[in-house]
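Encoded as structure tokens, the structure appears first; notes follow it.
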Amino acid sequence: MSRRAPRGEGPSSGEVPRYDGPTIPASRGQSPTRDETSRAPSLVEEQAPQAQQTRGPIKRRFPKKQHPQKTVDDFWSAFTSKTPGKAYSILPDNYYAKHAATHAPKGVKNALASYDEAKANCEAKVAKIVKECRRTNQKYTDPHFNIEADFRRWHTERPFADCLMGLLDTKTDLRPQSVKRVEDIFENPQFFIEGATANDVRQGKEGDCWFMSALCTLSNKDSLIQSICVARDEQVGVYGFVFHRDGEWISEVIDDKLYLIKEDFNDATLERNKWLELQNRTSPEEEYRAVMQTGSRALYFAQCSDPNETWLPLLEKAYAKAHGDYSALESGFVGEAIEDLTGGVTTEIFSTDILDKDKFWREELMQVNKTFLFGCGQMGGKHGMRNGILEKHAYSILEAREVNGERLLKLRNPWGNTEWRGAWSDGSAEWTPEWMQALNHKFGDDGVFWISYKDLLRNYQHIDRTRLFNSSWQVISSWTSVEVPWSVDYLDTRFDFTLAKKGEVVIVLQQLDDRYFRGLEGQYDFHLQFRLHKEDEEEYIVRSNPAYYMKRSVSTELELEAGKYTVLIKITAKRYPSDPTVEEVVAATCQTRREKLLNIGLSYDLAHAKGDFREIEHANKELEQKERRAKRRETAKKMHAARVLQHKKQKFRAMKMNLKKEAKAIAKMQRQADEQAKQEALEKGVEGMKFTSEPESIPDGLGINAGAAMGNGAVQPVRRQDSFDNAHGGTLPPSLITNPAPNGVRPRRDTRPASLSISSRSGPPSLNSTPRRDTLEPRPVSLHASSYGTPGIQVHRPSKPDGKLTLSDISDDDLSWDSELDEPDDSDLDNLDPCHGGVYGQGQPAANPPADEEDYAKDPWNAVCVVGLRIYTRDSGVTINVVRTDKKNRPMEQADFFRRGLDVDDASKDTSREPVSPISPSRGAQGMMSLAQAMSGTAGSGGSSPLDGPGWRPPRVLSPRLNGL
């Protein structure tokens, strides 16, 4: 496999995870302690046979039932990290990353300005190294990529080679046998022999055909290879190269040591014995070196076809050093390599998606080696061969010709052999001497062949097209970091840019190239998309085509008018839980592979310095402080309201308890008074009677004048009312109320008669009016609840018709709001629970989360991506701003609603009630806002549809700006 295929879904349950290197900490959700279930079954059964017999059925504990929607909401709440973020610095206190972050280039630059700076730096590096080496009379040895020392340690001290293996690799298929300098390999080494050509390229043991194909493509255009190899001193053995990385040019310096296929004569065992078996060798060691370790064919990796040309293996070594090691070059795309070598912009094209194939031929393929560079590949199959074309292999398109109506293309296999065997292949019937001369072609198994345009589209599904830029283009870029939610939608963070004048524009949305820090990619892959909007227009102008294979960047090319534009970002994140996190890799490799971690970690830190993590953290801290202050005020008010409510409830409960006690006491006194009154009345009626001699004068045969005459000492009959409400503010029952005396003195009632006179039958009996002591008076109702520690309660008689007392009738004048006293300190906010009206855990504790929520809480979704926007234009008056929307504290504006709407071809577009070009662009924001009001129901007639307002037009025809799709 030579071309990088899409990343897989991760290992299945029966497969070994990708990372089998240094010990990674216990995976999430698993305890590192001993587990009995991992033992042999017989051992477990022998340990507790009795327990298995007596153990009853296990009762499953079901979670507390709640509304299904609440369950779903709780799931998503636990699914996403509460503190999203990403490690942006691997090395401790990395000064270089901080310096790179503070000195990041800003503003508009010429497209070649960054190249000129990198070239000047590279030349200065080489000159300084040459001066030092000549002073010490030593050839240059690269201390940061010393493949010779690394090779010897690999064979004697440790089981890994930092220059050959990645950070997480424990074994490799790359097995070079020796290392030597250029002067020890080549008899007459020369960097260039008649320049760099496609025929020079021969792929080695590394699976970097994508990089070799890119070099073949570049060598077909004048001076492109020479512009990469900017400085060298072959005598000292130092070479300087420049590469394009993440939107800017960088320089790399290497020495002239290269890997060889065969081992040294003295280190060889079997090879040396076989060599010595041959007779008549005067100098077996010299002859061995001349045959096995001399010339381009002795190199383990890439080699030139000429036995003394050296530019290709040295360029490959510099590219490997820039990425950390040779294994990082395994698999890729031609377009990515061309971008790294030219600073161009690559677009992914599928042959089956080309609308007008004639237009594609005329306007794009015919511009090969001029405006565009092309690569192609067959992405199907499993590394087989289809009529001479290798599956999952990269090819370079060198030339496009149209002769006598025949559309032909010249391709090259970076292997230097194995060619197409169809029409127009070497030796086919289509070739005539005239065609050989017209196309300047010669037969031979050199990997170069011609193919028709139709056969190209039929046999190559994937085409990489890279646009080149010259000094007439200007470029501006801006980077930021964004949190990527699990739900795929356009993010709140966006890029705004302004064009000063009309012109052709190339817009590129990119992410960091993780090939430079292999092993520290983390668990997430990202695929980018974007939409372009013009200010005050609700419909987007163009959107990028989603990338299927090439995930590093997406781009679009179009002509724009002067004005302000917005780029909305959509990022699709995919997680691979079996891959180790950055934190786990650092913990596992910091001791066993310190040098490698320092190298890759520094590259990681410098790359992530573009993400403005520190500035974003500073802004987030300020926003957090603002939110904390607002939360403090709101929480304090809630606490005060809760205290007032609690205070009222305590008063209300105390009042009810007092009233209940008073009611019981009053009822008891009433019963006692009634019984006493009855008893006294009976005693007065029986014992106090005076029988006369005229029995006929006694009424009804009793002779008792009961109540015939009423005086001050007469007994007042007790009158009862229907009911007594305990809630009537403590009002005494009427049954205990006697008629008041004229002068306000309570009437008195005799308990025992002094004497009972029995008159004659003609006169009524009279009761003695001797004053007696009063009966028990009822206690006055007191509504003070001192026993409950609450202040006095003022109970007002309710004015409601039903006469019931409520909490609103309880006065809270004794509690008042004081912001200085009632607001909690900042340190209390973390432990504050407004729902329970307390601090530091006061009140009822929160319920424990379900088990599934605990699993997600241990390892929640936490995807953070560093993205950048590059704009190429011929206008120097371009500005870019990063706009972050605080969706938590600010309601979404109507303009954002339209801009963040679904794509026109989304299946849910109509169901979501989103309009498609409902108003003309000339109406701008005013028309958009009127439509938004209509959709929200604030405008239009009452009974009509919310879209039936004056600003609505049926979306019969799509906006003409959608032609850019």
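So that you can map any letter, position 472 of the sequence shown is 472 in the UniProt record's numbering, and since no number is skipped, the others follow by simple counting.
Using N, Cα and C, we set each Cβ at its ideal position, and we do this for glycine too.
Within 8 Å, strictly: CB atoms of residue i and residue j
i           : j      : result
Leu218      : Ser351 : no
Cys304      : Arg175 : no
Gln523      : Thr589 : no
Asp325      : Met212 : no
Leu602      : Tyr96  : yes
Val253      : Lys125 : yes
Val867      : Thr480 : yes
Leu315      : Asp256 : no
Leu558      : Arg494 : no
residue 966 : Val585 : Nothing can be reported for residue 966, as the shown portion of the chain is limited to 1 through 965.
Arg386      : Val236 : no
Pro577      : Ala78  : no
Val484      : Cys865 : yes
Leu528      : Asp875 : no
Glu419      : Asp455 : no
Ala302      : Gly204 : yes
Given residue i as reference, the closest of the options once Cα atoms are compared
i           : options                        : result
residue 967 : Glu363, Leu299, Thr581         : A question about residue 967 goes unanswered here, because the residues of the chain that appear run from 1 up to 965.
Val482      : Ala268, Ile880, Asp903, Asn862 : Asn862
Thr566      : Ala587, Val904, Phe530, Val585 : Phe530
Phe151      : Gln177, Asp142, Asp169, Thr170 : Gln177
Arg536      : Ser553, Lys570, Asp496         : Checking the sequence, you will find Asp at residue 536 rather than Arg. For Asp536, the nearest C-alpha among the options comes from Asp496.
Ile463      : Met379, Asn220, Gln367         : Met379
Lys159      : Gly611, Lys171, Leu167, Thr873 : The sequence shown places Pro at residue 159, not Lys. Selected option, being the one with the closest Cα: Lys171.
Leu597      : Val179, Ala100, Asp169, Ala641 : Asp169
Pro143      : Lys621, Val238, Leu215         : Val238
Lys317      : Met292, Gly195, Gln190, Asn146 : Asn146
Glu399      : Phe374, Thr141, Gly207         : Phe374
Gln437      : Arg407, Val403, Gly335, Asn417 : Val403
Ser555      : Ala196, Thr342, Glu117, Arg543 : Arg543
Lys180      : Asp605, Asp612, Ser296, Leu532 : Ser296
Ala562      : Leu260, Phe372, Val878, Asp674 : Val878
For residue i: DSSP bridge partner residues
i      : result
Asn881 : Asp496
Ser478 : Leu869
Ala630 : BP columns for Ala630 are empty, so no partner.
Thr572 : His527
Lys534 : Tyr565
Phe241 : Cys229, Glu252
Trp861 : Thr80
Val542 : Leu532
Arg484 : It should be noted that the sequence gives Val, not Arg, for residue 484. In DSSP, Val484 forms a bridge with Ala863.
Gln303 : Arg202
Residue range of the beta strand (DSSP E) that includes residue i
i            : result
Ala400       : 393-403
Val126       : It is not in any beta strand (DSSP E) - Val126 instead sits in the alpha helix (DSSP H) that spans 113-136.
Lys410       : 406-412
residue 1003 : Here the chain covers residues 1 to 965 and nothing more, so residue 1003 does not appear.
Glu559       : 553-560
Trp450       : 448-452
Arg467       : 462-467
Leu258       : 257-260
N-terminal and C-terminal residue of the alpha helix (DSSP H) that residue i is part of
i      : result
Gly335 : 334-342
Cys163 : Per DSSP, Cys163 belongs to no alpha helix (DSSP H) and is neither H nor E.
Val72  : 68-79
His608 : 594-608
Glu584 : 582-589
His155 : 147-156
Glu211 : In the sequence on display, residue 211 carries Phe and not Glu. Note, Phe211: alpha helix (DSSP H), 209-219.
Leu439 : 433-439
Arg272 : 270-277
Tyr288 : 284-292
Cutoff 8 Å: residue i Cβ touching any chain D Cβ
i      : result
Ala113 : Of the protein chains in the structure, only one exists, and it is not chain D.
Near the ligand COA: residue i beta-carbon under 7 Å from a heavy atom
i     : result
Val72 : By its list of ligands, the structure shown contains no ligand whatsoever, and the ligand COA lies outside what it can speak to.
Review point. What residue ranges within the segment 320-388 form continuous alpha helix (DSSP H) runs of no fewer than 4 residues, ordered along the chain?
Key: With a minimum length of 4 residues, the unbroken runs of alpha helix (DSSP H) contained wholly in the segment 320-388 fall at 334-342, 357-363.
Point to revise | beta strand (DSSP E) runs wholly inside the segment 502-529, at least 3 long, in chain order | key: Fully enclosed beta strand (DSSP E) runs of 3 or longer: 503-511.
Check your understanding: Which parts of the segment 171-200 are runs of the beta strand (DSSP E), unbroken and 3 residues or longer, counting only runs that do not cross its ends?
Key -> Counting whole runs of 3 or more residues, the segment 171-200 contains the beta strand (DSSP E) stretches 178-181.
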